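Trainee: In the order they appear, the protein sequences are chains S and Y. All residue numbers for the first sequence refer to my numbering, where the first residue is 477 and numbers rise by one. All residue numbers for the second sequence refer to my numbering, where the first residue is 233 and numbers rise by one. Every residue gets a Cβ at the ideal spot worked out from N, C-alpha and C, and that includes glycine. Keep in mind it's a predicted model, so treat the numbers as computed, not measured.
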Amino acid sequence: MSSSLADEKAATRQVPDRLRNPLQRFLASWELLLLGVAVAVFVLNSFASPYFLDPWNLSDATFNFTEKALIAFAMALLIISGEIDLSVASIIALASTAMGFAVQLGAETPLLIMIGLGVGLLCGAFNGALVTGLGLPSIVVTIGTMSLFRGISYIVLGDQAYTGYPSDFAFFGQGYVWWVISFEFLLFAVMAILFAILLHKTNFGRAVYVVGNNPVGALISGIRVPRVKFALFLLTGLMSGVAAICLTSRLGATRPSIAFGWELEVVTMVVLGGVNILGGSGTIPGVVIAAFVMGMVTFGFGLLNVPGIVMSIFIGLLLIGVIALPRLAGRLLAARRG
Amino acid sequence: MTKSLLKSREIVLAAAILVLLLAIASRFPAFVAPSNLANVFNDTAPLIMLALGQMAVIVTRCIDLSVAANLALTGMVVAMLNTLFPGLPIPVILFVATSLGALMGLANGLLVWKLDIPPIVVTLGTMTVYRGIIFLISDGAWINAHEMSDTFKAFPRETILGLPVLSWFAILTVLGFVLLIGRTSLGRAFFAVGGNPHAAVYTGINVGRTQCAAFVLSGALAGLTGYLWVARYAVAYVDIAGGFELEVVAACVIGGISIAGGIGSVGGALLGALFLGIVKNALPVVNISPFWQLAISGSAIIIAVAFNATSNRSKGRVILKKAEHAQ
Numbered sequence: 477m478s479s480s481l482a483d484e485k486a487a488t489r490q491v492p493d494r495l496r497n498p499l500q501r502f503l504a505s506w507e508l509l510l511l512g513v514a515v516a517v518f519v520l521n522s523f524a525s526p527y528f529l530d531p532w533n534l535s536d537a538t539f540n541f542t543e544k545a546l547i548a549f550a551m552a553l554l555i556i557s558g559e560i561d562l563s564v565a566s567i568i569a570l571a572s573t574a575m576g577f578a579v580q581l582g583a584e585t586p587l588l589i590m591i592g593l594g595v596g597l598l599c600g601a602f603n604g605a606l607v608t609g610l611g612l613p614s615i616v617v618t619i620g621t622m623s624l625f626r627g628i629s630y631i632v633l634g635d636q637a638y639t640g641y642p643s644d645f646a647f648f649g650q651g652y653v654w655w656v657i658s659f660e661f662l663l664f665a666v667m668a669i670l671f672a673i674l675l676h677k678t679n680f681g682r683a684v685y686v687v688g689n690n691p692v693g694a695l696i697s698g699i700r701v702p703r704v705k706f707a708l709f710l711l712t713g714l715m716s717g718v719a720a721i722c723l724t725s726r727l728g729a730t731r732p733s734i735a736f737g738w739e740l741e742v743v744t745m746v747v748l749g750g751v752n753i754l755g756g757s758g759t760i761p762g763v764v765i766a767a768f769v770m771g772m773v774t775f776g777f778g779l780l781n782v783p784g785i786v787m788s789i790f791i792g793l794l795l796i797g798v799i800a801l802p803r804l805a806g807r808l809l810a811a812r813r814g
Numbered sequence: 233m234t235k236s237l238l239k240s241r242e243i244v245l246a247a248a249i250l251v252l253l254l255a256i257a258s259r260f261p262a263f264v265a266p267s268n269l270a271n272v273f274n275d276t277a278p279l280i281m282l283a284l285g286q287m288a289v290i291v292t293r294c295i296d297l298s299v300a301a302n303l304a305l306t307g308m309v310v311a312m313l314n315t316l317f318p319g320l321p322i323p324v325i326l327f328v329a330t331s332l333g334a335l336m337g338l339a340n341g342l343l344v345w346k347l348d349i350p351p352i353v354v355t356l357g358t359m360t361v362y363r364g365i366i367f368l369i370s371d372g373a374w375i376n377a378h379e380m381s382d383t384f385k386a387f388p389r390e391t392i393l394g395l396p397v398l399s400w401f402a403i404l405t406v407l408g409f410v411l412l413i414g415r416t417s418l419g420r421a422f423f424a425v426g427g428n429p430h431a432a433v434y435t436g437i438n439v440g441r442t443q444c445a446a447f448v449l450s451g452a453l454a455g456l457t458g459y460l461w462v463a464r465y466a467v468a469y470v471d472i473a474g475g476f477e478l479e480v481v482a483a484c485v486i487g488g489i490s491i492a493g494g495i496g497s498v499g500g501a502l503l504g505a506l507f508l509g510i511v512k513n514a515l516p517v518v519n520i521s522p523f524w525q526l527a528i529s530g531s532a533i534i535i536a537v538a539f540n541a542t543s544n545r546s547k548g549r550v551i552l553k554k555a556e557h558a559q
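(1) Have a look at the DSSP bridge pairing and note the partners of isoleucine 734(S).
(2) With valine 513(S) as the anchor, note down where its alpha helix (DSSP H) starts and where it stops.
(3) According to the Cβ coordinates, are serine 643(S) and proline 732(S) closer than 7 angstroms?
(4) Give me the chain Y residues within the contact set of threonine 621(S), using Cβ-Cβ distance strictly less than 8 angstroms, ordered along the chain.
(5) Measuring only the C-alpha atoms, how far is alanine 545(S) from histidine 676(S)?
(6) Starting from alanine 800(S), find everything on chain Y with Cβ-Cβ shorter than 8 angstroms and list it in chain order.
(7) Going by beta carbon distance, what residues of the same chain come within less than 6 angstroms of glycine 496(Y), once the five residues before and after it are set aside?
(8) Excluding the 5 residues flanking valine 511(Y) on each side, which residues of the same chain have their C-beta closer than 8 angstroms to its C-beta?
(9) Spatial neighbours of glycine 749(S) within its chain, please: CB distance less than 6 angstroms, with the 5 preceding and 5 following residues excluded, ordered by chain position.
(10) Whole angstroms is fine: what's the gap from proline 323(Y)'s alpha carbon to arginine 464(Y)'s?
(11) Tell me, please, whether the CB atom of proline 702(S) is closer than 7 angstroms to any CB atom in chain Y?
(12) For serine 521(Y), return the contacting residues in chain S, with the cut-off set at a CB-CB distance below 8 angstroms.
(13) Relative to chain S, which residues along the stretch 464-497 of chain Y have a C-beta separation below 8 angstroms, given in chain order?
(14) The beta strand (DSSP E) that contains valine 264(Y), what's its start and end?
(15) Can you look up tryptophan 654(S) in the DSSP assignment and give me helix, strand or coil?
(16) So, valine 607(S) versus leucine 570(S), is the Cβ gap smaller than 7 angstroms?
(17) Please list, in chain order, the chain S residues whose beta carbon lies closer than 9 angstroms to that of tryptophan 524(Y).
(18) Where does leucine 835(S) sit, in a helix, a strand or coil, going by DSSP?
(19) Closest to serine 725(S) by C-alpha separation, out of Gly640(S), Gly806(S) and Val515(S), would be which residue?
(20) Leaving out the 5 sequence neighbours to the left and right, which residues in its chain are closer than 8 angstroms to alanine 283(Y) when beta-carbon positions are compared?
(21) Can you pull the chain S residues whose beta carbon is under 9 angstroms from the beta carbon of arginine 363(Y), in chain order?
(22) Give me the Cα-Cα distance between isoleucine 535(Y) and valine 632(S), rounded to the nearest whole angstrom.
(23) With a threshold of 16 other CB atoms inside 10 Å of the CB of isoleucine 685(S), please say whether the residue is buried or exposed.
(24) Smallest Cα separation from tyrosine 722(S): which of Tyr652(S), Leu695(S) and Glu507(S)?
(25) Listed in chain order, which residues of the stretch 562-582 of chain S have Cβ atoms closer than 7 angstroms to some Cβ of chain Y?
(26) What separation, rounded to the nearest whole angstrom, lies between the Cα atoms of serine 546(Y) and glutamate 242(Y)?
(27) I want to verify the contact list: residues of chain S whose CB lies under 7 angstroms from the CB of alanine 446(Y), in sequence order.
(28) Just by C-beta distance, which residues in the stretch 387-408 of chain Y are closer than 7 angstroms to chain S?
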């Protein structure tokens, strides 16, 4: 990502202080701050509306963020590696359209799943090939594919909609595994753990950080930078396919405008979770907490009858605020130290 | 050498537009009649004005995704002003629209300049905030033609020397940009900042302030276009010009403006906007569903950016170059 002088500031970023013990690091961390916000939102919500603390209501609230969070996990890795994918919502539209098309031809649920995942992978491969193969900036490429993928949905569907999904397909977006635990929430939890392991405990995850912090250094130290980035685009496409399956199953219908504007919310979730938009740092636990915060805020607003577009103002301000506040605070601290 | 490359790119694009026009004309000669071409130009005028503002922003290594929301908010504000004070003269409305737009651009610019927040994040955020504010001030209601005064609606359609005022605004903006980019120190600063920010600092250019100036310029043009848009279509509501920011960025990318900054020209932005405008207007004529528009502009962005990259790519010393960029 190319952006102003912030690039240089990021390049001269201080190396984290390794001498402090893990507890100290945790106490001073973004994740703890975010956890505090999450608790505060939870408490405020339960005071603001008597309906908030109902287990089924809380279970419903998770649908506000599970699908977006599935993409946000992969997007976090992609942003840490220094790239971005703005086409995720359009991948959902295209994958959903492909599944709807297959339904008209009489496809059954297993085939639909494969189509959803396959289209996601193909779209991710297309983005990845353009970025790593031709060396194009990912912002522009994915702004282009954002129009292209959704544009194909519009060509196929126009002002029509696909419906008539098989009844067992509804499980992925509407089914419950145990009591109030929905299939989507279980998937969210499993994916959170898998992505946390992938990013924090594997060589690949380490390579993602190195690539984001210093692509040239990564290349020289033997990391196949284009391959890592390509894999991350594939992963983001795949997770968008997964989200498309869940969302289509939950709505039971496909329109070309499905998941419109989700890319913004996914990026906001990732940035709110403490991932540096310029790449190089961030954690999966942070993104998980951010998902809960955003989900509960929108759900709480919903209970208070706040219209959706007002929530989007809030999300926009949140996106700018979470980046601006630490910078302002850092500047104030620096000024005080003289 | 870069200059000749740029020149040739504009020639390539101009040739592509000519081929496109010829192809349409071979089956639908009425499309290339001067009066229809004037209509197409008039229809593309808002895109041209916004693409020029966006060009200044992109050249300084930033991006402004809030232009369409800015346009819509300004349009709503002047439409509401008009319903409240129908007697307000047009120059006042033009002034209000331009300064309100500039103010929103300033908000973007200050966040980028003073807080070092990446422009894409800032403008993604302000995009939703500006759109949301339209809902807050209008309560989601539409302002329809019968609520606007006749002079308010008629202004962009009045013809001077055979062309509507809207077209003249686009022409004046192009001329203004030719002067600004070619003849002023601010224009030079845009390119210096985008081409090499380090060197720009050493030559005494304030990088952040120059980027902020580009945002203000882009915002002012979006605001001005906001009034013209609302008056021309005689309606204002929350979602007008939804997704238009992508078309604007597409026009710039097609026009050969490098998203990495420092490369671009007024002619390129103009031709990029015209290319998209002609495609958009030709689709119904050649009987293709307007639903193709989105996919076509998406493909155009990808092809254009791939074309830009391959013609910009210098052979050899690739690692050094990358190292220089990464620093």
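Mentor: Once the coordinates are examined:
(1) Note: isoleucine 734(S) is not bridge-paired with any residue in the DSSP secondary-structure output.
(2) Counting along the chain, the unbroken alpha helix (DSSP H) around valine 513(S) starts and ends at 506-524.
(3) no
(4) Gly530 and Ile534
(5) 18 angstroms
(6) Leu343, Leu347 and Ile349
(7) Non-local beta-carbon contacts of glycine 496(Y) in its own chain, meaning distances under 6 angstroms to residues more than five positions away in sequence, involve Met287, Val291 and Ile489 in chain order.
(8) For valine 511(Y), where only same-chain residues beyond five positions count, the Cβ hits under 8 angstroms are Leu252, Gln525, Ile528, Ser529 and Ala532.
(9) Gly762, Val763 and Ala766
(10) 16 angstroms
(11) no
(12) Ile631 and Gly634
(13) Along the stretch 464-497 of chain Y, going in chain order, the ones with a CB nearer than 8 angstroms to a CB of chain S are Val470, Leu478, Val481, Ala482, Val485, Ile491, Ala492 and Gly493.
(14) Here valine 264(Y) belongs to no beta strand (DSSP E), and DSSP marks it neither H nor E.
(15) strand
(16) no
(17) The answer, in chain order, is Gly627, Tyr630 and Ile631.
(18) Outside the shown range of chain S, which is 477 to 814, sits residue 835(S), and nothing can be said about it.
(19) Here the closest residue by C-alpha is Gly640(S).
(20) Val480, Ala483, Cys484, Gly487, Ala501, Leu502, Gly504 and Ala505
(21) Ile785, Ser788, Ile789 and Gly792
(22) 22 angstroms
(23) Inspection of the sequence shows that residue 685(S) is occupied by tyrosine rather than by isoleucine. Flag for tyrosine 685(S) reads buried.
(24) Looking at the sequence itself, residue 722(S) is cysteine, so the reference to tyrosine does not match. When each option's Cα is compared against that of cysteine 722(S), the closest is Tyr652(S).
(25) none
(26) Confidence at serine 546(Y) is low in this model, with a pLDDT of 43, below 50, so the placement of that residue is unreliable and no value is reported for it.
(27) Result: empty, since nearest Cβ-Cβ is about 11 angstroms, beyond 7 angstroms.
(28) Using a CB distance below 7 angstroms, no part of the stretch 387-408 of chain Y faces chain S.
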